[in-house]
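Structure, as structure tokens:
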Amino acid sequence: MSTRPVVLHLGGSAASDYYEGVSVVYAAGCLEEIAEHGTYTNVACIVHLDGSWSFPCNMSEEARSSAEHMSIDQAVLKIKELSPAAVVPHMFCLPGMTAFRGLCDVMNIPLVGNPAAAMALSTNKWQTRAVVASHGVKVPEAEIVSKGEVPKMQPPFLIKPCNEDNSQGISLVRELSTLQKALDNAFQFDHEALVERYVPLGRELRVAVWENDDKTLQLLPCIEYFLTEQDPIRTAAHKLVTDHSGKPVGFAPVCRKCPADIDETLREKLRDLATRSHKALGCRDYSIYDVRVDPEGEPYFIEASLYCSFAPKSVVVLMAAQAGQDQRTVFEMLVNRAINRKKAAGTKAVGMKG
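The UniProt record's numbering puts the first residue of the sequence shown at 1, with every later residue one more than the last.
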């Protein structure tokens, strides 16, 4: 019998087929990459839209289709039997990033990455920007509107759902004639919309830091996305390819560069932005930020993206590769760190007593 630590890979979605598709794309990439490493016994676990759970032998469509579905009570018992040493979250819907991470905490299973409280904060764009701004991070002018309200701000501005990820429901409003369409688009996904001043296109960057063993923060090489004045913002279509039903099935072609060409002046501004944001939001292990740099070279915090599935195309993995760390090194470093957090906190048994 294998003595390797069990690592549970928690995927799927309790909210939508779209987010189940996102989860499967990223989780499959991770599991395929680590399959031959032999360090852990990796177990896939999927939460389904109907509330059932399954444990497919892999993330192929055939395995997922044939896996037995069970209730949450049965799934909790199965997880207790597996006694995972850590869980890697691959869920991108709001419940997945909050409630299901919280469930792992309740079951005393060490979680790789950011805790549920940080995720809950980061999923609300209005609250996130307020918190980081209070810690000295530069953010664009913004306001929040509910259904039936119209912005006081004059174009150009972005409208995006307050609680939605993966750039769904986002629109650039240049003229008031397109305002209602943009509001309707955003309100498909949330009852509140963030109206954010459009930062003129200078550069579009993803910026990340991770925690070293001594708790210091290291700025990773940045990614730059190359946009145009005709297509100046990244939408969901820039990220994932969907099938005829709108369910993600793969990654969209992308024009980007890593490492981005960053001079020392901008690098220090980005380091300060990411460090302040990481601490303000209560992040753990790593954090990722969408940053817009205006034509004068001033960076603006746009959003926090506090998740990573460790697939080869995951942002942290791509950035770390440019810093000399391959996917296996990154994955095992963070899994082992999660395991050690539990050891340092004590030796409570996983799951419910009895």
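The beta carbon of each residue, even a glycine, is placed where N, CA and C say it ideally should be.
Contact check for residue 22 against residue 92 passes: the beta carbons are separated by less than 7 Å. Judged by DSSP in its simplified three-state form, residue 95 adopts helix. Ranked by Cα distance from residue 138, the first of 173, 196 and 162 is 196.
The alpha-carbon of residue 193 is positioned some 12 Å away from that of residue 168.
Here residue 127 has 121 as same chain residues with Cβ atoms under 7 Å from its own Cβ, once five neighbours each way along the sequence are excluded.
Take residue 302, set aside five residues on each side of it, and the residues of its chain with a beta-carbon closer than 7 Å to its own are 290, 291 and 292, in chain order. Put simply, the segment 104 to 123 touches the segment 77 to 90. At least three CB pairs are less than 8 Å apart.
Considering only 254, 60 and 198, the residue with the shortest C-alpha distance to residue 313 is 254. The residue from 183, 65 and 171 with its alpha-carbon nearest to that of residue 151 is 183. Secondary structure note for residue 197: its beta strand (DSSP E) is the uninterrupted segment 192 to 197. In the three-state reduction of the DSSP assignment, residue 322 falls in the helix class, which pools H, G and I. Residue 57 is not bridged by DSSP to any residue. Under the three-state reduction of DSSP output, residue 40 falls in the coil class, being neither helix nor strand.
Residue 40 places its beta carbon less than 7 Å from that of residue 4.
Residue 296 and residue 268 have their C-alpha atoms some 15 Å from each other.
Counting of Cβ neighbours within 10 angstroms places residue 323 among the exposed residues, the total staying below 16.
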